[in-house]
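Below is one structure, written out as structure tokens; the observations come after it.
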């Protein structure tokens, strides 16, 4: 998820459901640990052809590590060869006279070369610099094994010796990262795809998901390390076809259901430490995704006990969303709401949110058929009604696109969500998407999260070839640009794009970007 | 001690005496802990009349602490009201929305206001910046109690919030320092002096000693936190009249005797962690002080077992020192030796070192009389001989001063050490010191360590009044300039003096400066 939403605050009063929270607590996952090691010593230097303008070149093997001796102002960059989430530890020993002053050093972690190259103290982005991953170490006693207590997310790590004394220098050895994840790699069935590009994209997707699976499904292990509903829904879908950790999805659903506000509304995200706290951010689409995620979970597990327990929460999200419709049956677009949809400043959220609503109502209807037949019949009528009003109010027959908001904005997001909501017959949805590709309206897509929905929309109207082409162009583009996990943000036309004002702060292992494995495996691409 | 000596390195081979090291290990002191708290919130601002140009003014009581809320870029300075050596801990809690980014903050410790006012990153002194006391903290989970593992030496502590997020700020509470020392304050007899200035100087001396008494006698708790023989000798003297921790002196003597080089020479200083290591610095005067310190210890304790065990080490230092005399009976002054004496770039070390030798020979003679009558008779002859040669070679009858080195330098240090060595009859020594005060040769004294020896020289020739005047002017000057513990360096005529190129790095609680309590109590001032 994004920071934009976080500026919103509300006066919600939380009414905890202790039974749900206890259930969630009992589902705390086992954390798998693995020792991983750097694969080479590298240098990062300016390269206009490389992502963010920084290229990486090997300068030595790790077997030469103990021969390298570092004095004041000297540094090295280690490449772990792949993305790692975990705890760094290393030996540091003095070379020369006994150390007559502490060792002062800095350790900087980077998912990308840019984090090794551009100094953090020049960061002027608008979200907190506290996300930039670094440690200042003052080490009084040498030799010593250093075990950094914080969890870091990185591929590269820079060791900088800021000061020793004229009498000694230092060397490093046994550098390792003990990775942590609640994903069990052995549960994954190899894809064995004949197309090496899709095979590679599948692998990078799975690694992205793996590194985001911790005590809960996190959005990104570098930033924000938080359980967001929009990310959870996509992670759960990718998880069902890979790690199959059903209990982790169940845990997250119970957590969200455990801290509703006084209206029964589910928050957009949760803080897990020091205790479960519902963030004071509520998003129209994200609350509805509780229901959609429960639907997907039930489809994957047939876990009727959980469905029975969580159904009232799922139903409540739909009821609350329906309360926001105006007399024309369209979600009110004013200053009193927030909906996420995509990271796009100009995007009007009305029509895509209307799409999310209908999409969710149809899934709620199917769940209601299982456990709440009375509400099922209510919903059946409401779905017909809202769909009709939606086409009436938001479909522009001249433009042949759905419009959104007072300015009648034509965006990609609106068309995509109307197709996902199956507001039009499949053939018309397909034509709409083809027209979208042809006419390319200017309010486009900015996140892998939105690209996922576009590709899935293509797939449900049968445009498999176009879907594969989109996956290869977009996620394949990240791989070509060096991704070992998929990124929070990627704009092929503006690779320096950051909604935060700096490439340093973007997350380069981000849950909402992990879905190609789901798309490939679920739709047999 | 100083850094100058540390640049020296030697190829000494250490021959450990495991029995001695075991004895030292069994004498590890009990560490006394006490919870101490800040007394006020202050600000530090430019003030030409204050030491180093920085004045301190209160801006609030600590009872207002929890009302103070800190966002990005905000800071406060706490005054603990006295010097503290120990571990800082505090509560930090978020104010506002749940923290959606880590807290990034810096904690800076200062013995003096200058350390709160001048940024450490502009430090350009020539000893390691790693001594500057700071911590960069990245705190993932809030609220939290933070317990900094390192031991710090300070009166002031600055809390700077470097970043939070737009959604929250923080407040601090229950800030405390758990002080550590091996000194037992209850063992000190109150002085109850009629002169409030001497009473105050005695108290500040004792606090200085207390804060330097840790696992061993350290030179300074901020820097270098090391066991130096020159400091140990003075600390032991002050300890005998205050805390009376005889075992700590004994432990330190066994430590030095436990790691001689292959010649039997005692190092100038020891590293204690991770294990006992003899530094590769050997100083002519400091090695001799092993013998002088054993003499003082025996005088204070009458501990004959220790004397018997350590006598061979003590005797060996004298033998090695005598080997350095040339055919004229004067210590050879060339590039193959180091002697400390004082922190003065122009000072020639020959004559003062000769004084240290004779001073020590006389004490070794008395010890030998107890345990080694054969060497006692050898020494008796050598003392007479060396004294005569010294006067012959180094006394300039025209100048009526002792001269030192090829340039025939007249320094304060040379006169002081010749008086302490009692090379001249008391009356002549007294006249020499009076002449010194009158003529003020330009190669003066720069450290409290040297001032101590000057004052003690005055006292042994009966100049009590002048001694008190010196103590009041010098140590009293530090008190007037705000000292709550005595400083490593103090030049009343140049209060910004630092041999390291920056006031930031000086130590402001330094063992060799703690002796006024000894001088006052021992000589009944």
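Residue numbers (my numbering), protein chains in the order written: chain A, 1 to 525; chain B, 526 to 1050.
Don't be surprised by glycine CBs; every beta carbon is placed ideally from N, CA and C.
All values derive from a computational prediction rather than experimental measurement.
Here the alpha carbon of residue 432 of chain A sits roughly 35 angstroms from the alpha carbon of residue 243 of chain A.
Distance from the CA atom of residue 582 of chain B to the CA atom of residue 569 of chain B, rounded to whole angstroms, is 7 angstroms.
Membership of residue 369 of chain A in the alpha helix (DSSP H) is indicated by the continuous run 350–371. Rounded to whole angstroms, the separation of the alpha carbons of residue 312 of chain A and residue 17 of chain A is 12 angstroms. Against chain B, the CB of residue 270 of chain A has no partner CB under 7 angstroms away; the residue lies outside that interface. Rounded to the nearest angstrom, the Cβ distance from residue 227 of chain A to residue 515 of chain A is 17 angstroms, too far for a contact under 8 angstroms. A direct Cα-Cα distance of roughly 18 angstroms separates residue 362 of chain A from residue 308 of chain A.
At least one beta carbon of chain A lies nearer than 7 angstroms to the beta carbon of residue 629 of chain B. Closest option to residue 253 of chain A, judged by alpha-carbon separation, among A/488, A/504 and A/21: A/21.
Per the C-alpha coordinates, the member of A/39, A/94 and A/77 positioned closest to residue 798 of chain B is A/94.
DSSP, reduced to helix, strand and coil, places residue 629 of chain B within a strand of the structure shown.
For residue 660 of chain B, the closest alpha carbon among the candidates B/639, B/734 and B/685 is that of B/685. By the rule that beta-carbons nearer than 7 angstroms mark a contact, residue 136 of chain A touches chain B. Listed in chain order, the positions of the segment 606–634 of chain B with a beta carbon within less than 7 angstroms of a beta carbon of chain A are 622, 623, 625, 626, 627, 628 and 629. Bounds of the alpha helix (DSSP H) holding residue 297 of chain A are 284–301. DSSP, reduced to helix, strand and coil, places residue 168 of chain A within a strand of the structure shown. Residue 285 of chain A sits close to residue 353 of chain A, with the two beta carbons spaced by under 7 angstroms. The residues 980, in chain order, have a CB closer than 6 angstroms to that of residue 995 of chain B in the same chain once the five nearest residues on each side in sequence are set aside. The C-beta of residue 468 of chain A has 16 or more other C-beta atoms within 10 Å across all chains shown, which makes the residue buried. Using beta-carbon distances, residue 131 of chain A counts as an interface residue toward chain B, with a partner under 7 angstroms. Here the segment 426–442 of chain A does not lie against the segment 472–490 of chain A, with fewer than 3 beta-carbon pairs under 8 angstroms apart. Excluding the 5 residues flanking it on each side, residue 225 of chain A has same chain C-beta neighbours closer than 7 angstroms at 218, in chain order.
Counting along the chain, no beta strand (DSSP E) covers residue 850 of chain B, and no H or E run does either.
Straight through space, the alpha carbons of residue 122 of chain A and residue 502 of chain A are spaced by roughly 10 angstroms. Counting along the chain, the unbroken alpha helix (DSSP H) around residue 1041 of chain B starts and ends at 1041–1047. Bridge pairing for residue 565 of chain B: B/586 and B/604 [DSSP]. The Cβ neighbour count for residue 982 of chain B, taken over all protein chains shown within 10 Å, is at least 16; the residue is labelled buried. Excluding five sequence positions before and after residue 988 of chain B, the CB atoms of its chain that fall closer than 7 angstroms to its own CB belong to 955 and 958, given in chain order.
Taking CB atoms only, residue 277 of chain A has a neighbour in chain B less than 7 angstroms away. Residues are counted here when their Cβ sits less than 9 angstroms from a Cβ of chain B; for the segment 146–164 of chain A these are 150, 151, 162, 163 and 164, given in chain order. Residue 287 of chain A is positioned such that its CB atom lies closer than 7 angstroms to that of residue 266 of chain A.
For residue 264 of chain A, same chain residues with a beta-carbon under 6 angstroms away, outside a window of 5 residues either side, are 316 in chain order.
Within chain B, the C-beta atoms nearer than 8 angstroms to that of residue 141 of chain A come from 798 and 799, in chain order. In the DSSP assignment, residue 597 of chain B falls outside any beta strand (DSSP E), carrying neither H nor E. Taking residue 36 of chain A as reference, the option from A/495, A/52 and A/85 with the minimal CA-CA separation is A/85. Look at the segment 207–229 of chain A: the residues with a C-beta under 9 angstroms from a C-beta of chain B are 223, 224, 225 and 226.
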